[in-house]
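The next block holds one structure in the form of structure tokens; read it before the comments.
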Amino acid sequence: MLKHFREQANLKLYDSKSTVLSLFRLAHIIVALSMIGVLVYYYGFPQTAASKESLLRVIEYSFIFYILRFFVKFIYDFNPRKYLRDNWFEAIVIFFLLAEGIAFNFFDTLLISNFFIWLGFKGFADISNILIQLFFIVYIITEVFKKRNFRQWFKVHPGLLFTLSILTIILMGSGLLMLPEMTVSQGGISFTDAIFMSTSSTSVTGLATIDISTALTFKGQMVVLLLIQIGGLNTIAFGALYLLIAKFGIGLKQHDVIEDFVNKDSFLDTESMFARIVKWTIAIEIVGFLCIFALLEPVGIFENTGDRFFHAVFHAVSGFNNAGLSIIPDGMMNPLIVDNYLFHIVILGLFFLGGFGMIYLFDLFQIKNLRERMRYPWKSIQFGTKISLYFTIGLLIAGAAIFFIFEHDKSISEQSTFGQIVTSFFESMTTRNAGFNTVETSSLSLPVLVFFLFLMFVGAGSGSSGGGIRVSTFAVMVASVLSTIRGKAHIEMFKRTISNELVLKAYSIFVFFIVGNLVGIFALVILEYQAIESGKFTLIDIIFEHVSAASTVGLSTGITTEMTTGGKYVLIVAMFIGRVGTLTLAYLFGKQVLSRNYKYPSGHTMIG
């Protein structure tokens, strides 16, 4: 009976389905764009009681539209059960909105919001409003780009898309951070500080010209958190995004850039790469949040449970995305947490995973791969995973050993043996991607600073949110040098032959990165000449600062806030290029060859 009724309803609805859904899709775009403006005005500017009530009413109307849209799509879908399975998260959001709407209209209270407020989450209503609107904005963007007529847009150079996306996020973040309600001080922050912090957050670097724990309000810190998450996901998912559209047709230049971001062995796995990246990212961050929330002492730093909750979320996201930004006064060196070594280990684990490379994490820990390796013991992890795993561990141990040898009787002399070991590994790993520090960087000995420069230069794993020339680039160069010394005809590593094309690409990245840093350091020396001459800055301070920015690490010897405006813009450019990637820019601006099917006569010259 019910099935027959459904079939009859489907027949009656069929003729109007296309028109109704198209109208709702258009209305969704209009509502989503309108809500962006409403949210910016509501949360970014001071409000009177009357204006606040009016804006909240508009937000409520948007929620009513979202509920109506969901049920219309549900009714018009020929397979309602499948629709609910495919849109389960949206269904949960709609249930939340319905529950709150019914409770407010019939009982004059917000049950779920009040429950969280009772637990200590005083800002839950504001956070939930922002997150719900963001969800529907992202949802409509995704829905629009699923349409076939947008696929041709992706035929343009992926380097251009990636560069423009990062630039757009930075500019939007800068605008938000300049709003009056984002900062504690009257008048807000300058454009230079706003674009610096936005670039640092989006590029997940961690350098700062202001103390975000005291200069920014909760709203401003939320903006920084969102920039970190969006910037980190944008970088990790860049290659996977183009894997998803590869089946729609891309050219040779697109393949070149894609293969720089993802493991070539997984190049054909296109169906759910982006979704897996998002799910794994959220899952790891949730685990990190739970550990941090449990380890942070509820007294001393936090006003209430909600404050502690937000701090845990912020540090989980900042840790996994290798941002290195903290909203705790004095960061990881705060007296109340500087000796909390379990907390340090959790943060270390987060930025180790975040800097390892998502594709390699899939290879190591995906259930399907684990089962295959248990069933077929002869099956090994992929070549790229071996490089990332072995060299990451090797560099981690080497950095920890160097730090411990030179600092055990200096900067960490007052710590316990366990604390010294944890700090040594923490400082070793943070130099390659994270930017957190539990020891004052300016107090470190010169040999440690020089070795840290090397670690920052190498950076994190390919396909991660970290920077530098990347571990894989360094590994290929090491293999090339060893093969040359041994007189081998081919470059080999882990019983695999590395192609000459890959070696040339590795050396190209190395040269671009060297040249970029030299140009940037030279510019900083000119702009900060007076500070260097007066002894305020040293040359190693300048070099360390720029390499840290270009490698998107975020460590500093403490000169960032004291630099001239020109010097800050040099660092902004360095962070932007470090995030986008020198080779990506080279692909973007380089002249593409029309043919590869030719070869000039061999030439020979003396080397060395």
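Going by our numbering, the first residue of the sequence shown is number 464, and it counts up by one from there.
We put the CB at the ideal spot given by N, CA and C, even for glycine.
Bounds of the beta strand (DSSP E) holding R959 are 959-961. Measuring C-alpha to C-alpha distances from L670 to each of V1010, A562, N568, A757 identifies V1010 as the nearest. If you look at M956, you'll find it in the beta strand (DSSP E) that goes 954-956. For I808, the enclosing alpha helix (DSSP H) has its first and last residue at 804-817.
Counting only residues of its own chain and dropping the five nearest sequence neighbours on each side, S935 has a CB closer than 6 Å to the CB of I850, S925. M837 counts as exposed, since fewer than 16 other beta carbons sit within 10 angstroms of its beta carbon. DSSP, read as helix, strand or coil, puts L758 in helix. Taken atom to atom, the span from the alpha-carbon of V1016 to that of I538 is near 50 Å.
The distance from the Cβ of P509 to that of E644 is about 7 Å, consistent with a contact at the 8 Å cut-off. In this structure, the CA atom of D674 is about 23 Å from the CA atom of M892. When DSSP reads this structure, T646 sits in a beta bridge with L679. Collapsing the DSSP output to three states places P910 in a helix. A969 and E955 have their C-alpha atoms roughly 15 Å apart. Judged by their CB atoms, V494 and F533 are not nearer to each other than the 8 Å cut-off. By the C-beta criterion, the region 630-646 is judged to be in contact with the region 683-698, since at least 3 inter-stretch pairs fall below 8 Å.
With a threshold of 16 other beta carbon atoms within 10 Å, S928 meets it and is buried. Its Cα nearest to that of S946, the residue V966 stands out among G930, G931, V966. Scanning E516, F654, Q883 for the CA closest to the CA of E870 turns up Q883. Of the residues G818, R771, L813, the one whose Cα lies closest to the Cα of E760 is R771. Per the coordinates, the alpha-carbon of L489 lies some 37 Å from the alpha-carbon of A779. Annotation for A1012: T668, L670, L1034, A1037, M1038, G1041 place their beta carbon closer than 7 Å to its own, counting only its chain and skipping 5 residues before and after.
In terms of Cβ geometry, D826 and T848 form a close pair [threshold 8 Å].
Taking 4 residues as the minimum length, the alpha helix (DSSP H) runs contained wholly in the region 521-560 are 543-549, in order along the chain. Separation of F659 and L1018 (C-alpha to C-alpha, rounded to the nearest whole angstrom) is 15 Å.
In this structure, V809 places its C-beta atom within 8 Å of the C-beta atom of I755. Secondary structure at A786: coil, using DSSP grouped into helix, strand and coil. Following the DSSP letters along the chain, one finds D1004 inside the alpha helix (DSSP H) bounded by residues 1002-1013.
Nearest in C-alpha terms to V982, of all of I1006, S887, L858, is I1006.
When only Cα atoms are considered, Q649 and N900 end up about 31 Å apart.
Excluding its 5 nearest sequence neighbours in each direction, L859 has C-beta neighbours in its own chain below 6 Å: S891, M892, listed in chain order.
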